[in-house]
Every structure is written in C-alpha cells, then in structure tokens.
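Numbering (our numbering), first residue to last: 783 to 1020. Here a beta-carbon is modelled for each residue, glycine too, at the ideal position from N, C-alpha and C. Note sheet for the following structure.
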C-alpha cells in the first residue's frame, strides 16, 4: 500500500517530487516504535518525505526530532512537510549523508528510528533516486548500527523495519556493536501468511525481548482491525 496523500491530525503530507512514496512499512514503524518520554530527543535516519519524524512529533508532543536525508528531492519534500505541520518548531532537517551527520553530531539521542534501504541482494534499479533510497549501497546496515552505537544515549533505543529474511543478520550485526534486541513485531500481509517484514528495537544491555505480530489485511483484503487500531489515527482514508 502506498499513498500520495497521508493524513495527520491537522494536515496532509504531499509528495510531489520524491521517488519514494509513503508506504505501509513507514506507517507501521512510525505507529509502533517507542517514542520515549517527555522531551525525548530523536533522530530519523533517511527521513525521505519526513514521515517517521512527523509521526513521532504527533505521538510525543514534547519531543525534539532531527531528520537526516541525502536525496535532494526528498529533502525538499520533507522541508515543505515540516513547515506545513503544526510541529515545525520541533523538527530539524539535515540534507546530507548519515556519515557526514554522524561525524559532527554530539549524539545523546533517546531514540533513533530508520526505515533503512533493504534490497541487499537486488540490482540497483534504473531510477537513481529510488536506488539511493532503497539500496544498501547508500546506507549499509553496519553503518546504521555503528552510528546508532555512538549517537544513542545510554538508555537509548534504535528502531527499524526490515524484510523478514534480514531479521537474523541484522540482529547478529547489532550484537557486534553491543545492541540487544528488546522488542519485535512480525508483520504479515494476510492471515496465515509468512511474515514479510519485521520491526525491531535494540538497546544497550541484554533483556528478555517482547514479541508480537500484526496482520495488515483481513480475509476480505481490507485493512484489518489490528492495523486500524495501530495506524488508524494517521490515515485520511483507510
């Protein structure tokens, strides 16, 4: 599912330039991840049109959120969406690579969230902007994890959504930098199907991870009740 127009409580995200549209992956992650307590500092890595940062700003009314995006067209979209939102004074956009941002950031983020590129074994597609947004050539998992290790506060949390088959490799890579999985959501398209995506959260320090599942569509192929409960506050039409 992808939407050109995505509703928040008081405004609509528009995406006239970007190669990447608002999709279900970002919506699920944005509605699910732990947005922290009052005054939380958050970082959205690869913000695209600003979806995750905007959802975080709506869900945590006292948070302050930085967003990093390397693609110029997506930056323009995010800048417009941030400015049009009721939360523009709590959102900052950085048009650069994650490596560049990381090199000069002071860190101390309570939450880092990312819908990272995931076509690890696929060939880059002809659309260069779409390739940069979705191919690990632009942001590898190791780079994201190593950056999270240095930028998170001691009690900070990293949240991501990935293809189901990337669950174990990413979790093992996280362990290598001292991040332990604390929460997991398996996402399937229809009842009885194998999971297509997995949302995961990682923290410093080992704990017993909490596990849940989400089915996006019901037998009638309409949005399931559990998906409506999770993300219904964000859709203009669902």
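Within 10 angstroms of the Cβ of residue i, are there 16 or more other Cβ atoms? Answer buried if so, exposed if not.
i           : result
residue 857 : buried
residue 890 : exposed
residue 983 : buried
residue 885 : exposed
residue 914 : A caution first: residue 914 carries a pLDDT of 41, below 50, which makes its placement in the model unreliable, though a value can still be read off. When all chains shown are included, residue 914 counts as buried.
residue 838 : buried
residue 875 : buried
residue 892 : buried
residue 800 : Reliability fails at residue 800, whose pLDDT of 48 lies under 50, so the model's placement of it is uncertain and the value that follows must be treated cautiously. When all chains shown are included, residue 800 counts as buried.
If you draw a straight line from the alpha carbon of residue i to that of residue j, how long is it in whole angstroms?
i            : j            : result
residue 894  : residue 883  : 13 Å
residue 1027 : residue 836  : Outside the shown range of the chain (783 to 1020) lies residue 1027, about which nothing can therefore be said.
residue 995  : residue 952  : 19 Å
residue 938  : residue 879  : 22 Å
residue 944  : residue 865  : 29 Å
residue 847  : residue 824  : 5 Å
residue 1026 : residue 1016 : The chain is shown only over 783 to 1020; residue 1026 falls outside these bounds and no answer can be derived.
residue 843  : residue 1009 : 23 Å
residue 872  : residue 898  : 23 Å
Rank the options by C-alpha distance to the C-alpha of residue i and give the top, closest one.
i           : options                : result
residue 810 : 821, 818, 942 and 871  : 942
residue 990 : 963, 923, 967 and 1007 : 963
residue 852 : 860, 845 and 816       : 860
residue 934 : 961, 957, 922 and 954  : 961
residue 958 : 974, 930 and 967       : 930
residue 949 : 932, 938 and 967       : 967
residue 832 : 978, 956 and 870       : 870
residue 845 : 865, 866 and 820       : 820
residue 855 : 872, 828, 971 and 834  : 828
residue 806 : 987, 1002 and 981      : 981
residue 999 : 1013, 985, 972 and 824 : 972
residue 985 : 867, 868, 965 and 1011 : 965
residue 887 : 822, 932 and 834       : 932
residue 946 : 1014, 877 and 970      : 970
residue 988 : 830, 956 and 877       : 956
First and last residue of the beta strand (DSSP E) that includes residue i?
i            : result
residue 923  : Premise fails: residue 923 lies in the alpha helix (DSSP H), 923-933, not in any beta strand (DSSP E).
residue 896  : 891-896
residue 1016 : Careful: residue 1016 lies outside any beta strand (DSSP E) and carries neither H nor E.
In the DSSP assignment, find the unbroken alpha helix (DSSP H) run with residue i in it and report its ends.
i            : result
residue 1009 : 1007-1013
residue 873  : Residue 873 -> not in any alpha helix (DSSP H); beta strand (DSSP E) instead, spanning 873-876.
residue 821  : Per DSSP, residue 821 belongs to no alpha helix (DSSP H) and is neither H nor E.
Length-filtered (4 minimum) alpha helix (DSSP H) runs lying within the region 826-853:
Those alpha helix (DSSP H) runs which fall completely within the region 826-853 and span 4+ residues are 833-841.
Curious, which full-length beta strand (DSSP E) runs of at least 3 residues does the region 954-993 contain?
Segments of the beta strand (DSSP E) lying fully in the region 954-993: 961-970 and 979-986.
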